[in-house]
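Worksheet for the structure shown next.
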DNA sequence: AGTAGTGGTATCGCATGGATACCTGGTCTA
DNA sequence: TAGACCAGGTATCCATGCGATACCACTACT
């Protein structure tokens, strides 16, 4: 039982961060910010994400310490989002996942087609 | 515009797979199955996941070609889930992410506390 | 016969996320 | 100075997802 409890404790903490960090929009926003700092609407144009979700994603990443929200101008309100040192350490693992996806997309498509065919039978 | 369209096309395909592969339960189930094949209820005991979500997760992973569902006995219905060759290739990237989480949990906690403090001000 | 385990499906209610509209300001141009 | 347009959001509605719960068919054990 102690074993189980410990195990679940670990995964509970893990799960929370995992859910935030591995969220689809988080991953894609992160990729963008790794290339260079971006403005809010710049990100909107780059990704098919709604304003609401982008706002939520940026807030979450900011809270987690992965991106920084920098006011670059007061008068015409201008805000820049940039990746933090912590965020940069995420780049390699995330890139590895993205590379995996790119590399296995075809295989996944075939697997899905096979599965759906068998299900239709 | 062609640039944008192409970019969105790529991310659309990416997004789908990302969403499935990086799903919290998928990641944790995958970790378990990497250790050894598991039965349905075995997984339930190992992870704080509901039956419904576990069923959905396993179906999704099966469809994506990442896990295999093997009937090991008809009479007493017994089913084993095991990782596929494709699934195994996911292990390294996923482990990298998990390692990242473990490594930076404290830093994330501090960042969150800081954020919440500032917000409260 | 009763209880427990196996691998599920069905239903309900709440929270999350997308689409859409709207808002507060500032800039630019006519 | 009015109108159009940009910025960075908030507010609202609605569909979908997910957890909790109940239930089912079958087998095994006692």
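Residue numbers (the numbering used here), protein chains in the order written: chain A, 89 to 209; chain B, 89 to 209. Here a beta-carbon is modelled for each residue, glycine too, at the ideal position from N, C-alpha and C. Fair warning: this is a prediction, and the values are worked out from it, not measured in the lab.
Leaving out five residues on either side along the sequence, give the residues of the same chain with a beta carbon under 8 Å from the beta carbon of residue 127 of chain B. 166, 167, 168 and 169
Between residue 168 of chain A and chain B, is any beta-carbon pair separated by less than 9 Å? no
So, do the stretch 110 to 123 of chain A and the stretch 147 to 155 of chain A have three or more beta carbon pairs nearer to each other than 8 Å? A contact is defined here as three or more CB-CB pairs under 8 Å, and the stretch 110 to 123 of chain A meets this definition with respect to the stretch 147 to 155 of chain A.
Touch check for the stretch 172 to 187 of chain A and the stretch 136 to 150 of chain B: three-plus C-beta pairs under 8 Å? no
Flag this pair as yes or no: are the beta carbons of residue 105 of chain B and residue 185 of chain B separated by less than 9 Å? no
Kindly indicate which residue of A:173, A:192, A:206 and A:160 has the alpha-carbon position closest to the one of residue 175 of chain B. A:192
Can you tell me whether residue 141 of chain A is helix, strand or coil according to DSSP? helix
Give a yes or no on whether the C-beta atoms belonging to residue 149 of chain A and residue 189 of chain A are separated by under 9 Å. Contact check for residue 149 of chain A against residue 189 of chain A fails: the beta carbons are separated by 9 Å or more.
Taking all protein chains shown into account, decide if residue 94 of chain B is buried (16 or more other Cβ within 10 angstroms of its Cβ) or exposed. Any reading at residue 94 of chain B is ruled out, since the residue's pLDDT is 46, under 50, leaving its predicted position unreliable.
C-beta neighbour in chain B for residue 208 of chain A, strict 9 Å: no
Can you name, in chain order, every residue of its own chain whose Cβ lies under 7 Å from the Cβ of residue 90 of chain B, other than the five neighbours on each side? Interpretation of residue 90 of chain B is limited by its pLDDT of 32, a score under 50 that renders its predicted location unreliable; the figure taken from the coordinates is listed afterwards. Once the five neighbours on either side are set aside, residue 90 of chain B has no close Cβ partner at all.
Pair within 9 Å by beta-carbon distance, residue 110 of chain B and residue 131 of chain B: no
Classify residue 102 of chain A as buried or exposed, calling it buried when 16 or more other Cβ atoms lie within 10 Å of its own Cβ. Under the 10 Å beta carbon count, residue 102 of chain A is surrounded by 16 or more other beta carbons and is classified as buried.
Which of the residues in the stretch 195 to 206 of chain A, read from start to end, lie with their CB under 7 Å from any CB of chain B? If the cut-off is 7 Å between Cβ atoms, the stretch 195 to 206 of chain A has 195, 196, 199, 200 and 203 near chain B.
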